[in-house]
Amino acid sequence: MLHNEKIDMRVKYTREWTFEALSKLLEHTPYNQIKISEIIAKAGISRATFYRNFKNKDDIVIIKVRMMFQEFHQDLVDAFDDPATTDEIYLIQAFFKKIDEEEKVIDTVIKTNLEYTMVEGIVQIIEYYKERFYQLLKTNKKTEDYIIDIMASSTWTLLSRWHRSGKEESATQLVRIYLSAFRSVYIALFEDRSLL
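Numbering (the UniProt record's numbering), first residue to last: 1 to 196.
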């Protein structure tokens with residue numbers, strides 16, 4: 001998911017128009033009632049063009065989320081080329097800020113009940129950067145996978161709650177809440193190292 005896919009500009013625009021069409025339709029119609037023919041008409045594309053780019057309507061959101069994570073990953077690669085950027089706090093702040101900026105994508109993910117795509121993307125970001133930042137409890141690969149899943153799921157749960165509640169806190173405030181919560185959980189679980 002994190003590799004940069006080289007796509008033709010026409011394909012990119014078609015995917016954007018189709019996502020925008022679905023997003024507009026979701027303003028008034030539940031996802032399960034939206035037909036592909038309605039998306040095609042709203043996007044101004046042919047049925048053949050739709051099926052050349054997507055297998056089904058879920059693919060519209062899945063591809064958009066994948067593109068969002070690819071862009072975020074590229075932003076991080078660029079940022080970490082700068083020696084001044086050296087900690088995981090930057091990564092967390094940058095991600096929360098990206099989510100804040102991508103309100104339409106997040107809203108669409110929630111309305112289509114495709115939230116697993118966000119968790120998968122977060123898992124891939126953690127996997128990619130874990131050696132650089134995270135001192136995970138490396139008892140074995142399976143335990144490490146569980147820890148990453150817990151981190152990704154709890155991150156998405158926090159972000160989706162924030163989005164659903166109208167984003168009353170700033171992205172920076174949310175980072176503080178996130179870090180404070182993980183610090184508290186870590187202390188509660190691992191303060192007594194003899195339990196490990």
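Virtual Cβ for every residue (Gly too), placed ideally from N, Cα, C.
Name the residue from the options whose alpha carbon lies nearest to the alpha carbon of residue i.
i	options	result
Lys57	Leu159, Ala21, Ala152	Ala21
Ser154	Lys141, Phe182, Glu127, Glu168	Phe182
Ile148	Ile63, Gly121, Lys167, Leu114	Gly121
His73	Leu114, Ser180, Tyr129, Lys12	Tyr129
Glu115	Trp156, Ile150, Glu127	Trp156
Ala48	Val11, Gly166, Asp78	Val11
Ile45	Tyr146, Glu16, Asp82	Glu16
Ile7	Gln70, Leu76, Arg176	Gln70
Lys104	Gly166, Lys55, Ile177	Gly166
Met9	Glu27, Thr29, Lys141, Asn53	Asn53
Since residue i contacts residue j with CB under 8 Å, what's their CB separation in whole angstroms?
i	j	result
residue 257	Arg161	The displayed coordinates of the chain run from 1 to 196. Any statement about residue 257 would go beyond what the structure contains.
Leu174	Phe96	5 Å
Ile99	Ile106	6 Å
Asp75	Ala94	7 Å
Ile36	Phe50	7 Å
In chain order, what residues of the same chain have a beta carbon less than 6 Å from the beta carbon of residue i, not counting five sequence neighbours either side?
i	result
Thr18	Ala43, Ile60
Leu196	Low confidence applies to Leu196: its pLDDT is 45, below 50, so where it sits in the model is not reliable, and the reading given next is rough at best. None.
Ile89	none
Thr112	Tyr31, Val61
Ala171	Phe96, Lys97, Asp100
For residue i, collect the residues of the same chain with a Cβ closer than 7 Å to its Cβ; drop the 5 residues on either side in sequence, then sort them by chain order.
i	result
Leu25	Ile34, Glu38, Ile39, Lys42
Met151	Ile126
Do residue i and residue j have their C-beta atoms within less than 7 Å of each other?
i	j	result
Thr14	Val65	no
Ser180	Thr108	no
I want to see whether chain C comes within less than 7 Å of residue i, judged by CB atoms only; does it?
i	result
Lys98	Of the protein chains in this structure there is only one, and it is not chain C.
Going by beta carbon distance, what residues of the same chain come within less than 8 Å of residue i, once the five residues before and after it are set aside?
i	result
Glu102	Met68
Leu159	Phe96, Ile99, Ile106, Met118, Leu174
Asp145	none
Tyr178	Ile92, Phe96, Thr155, Leu158
Checklist entry - Can you list, in chain order, the stretches of the beta strand (DSSP E) that have 3 or more residues and sit fully within the region 88–174? => result none
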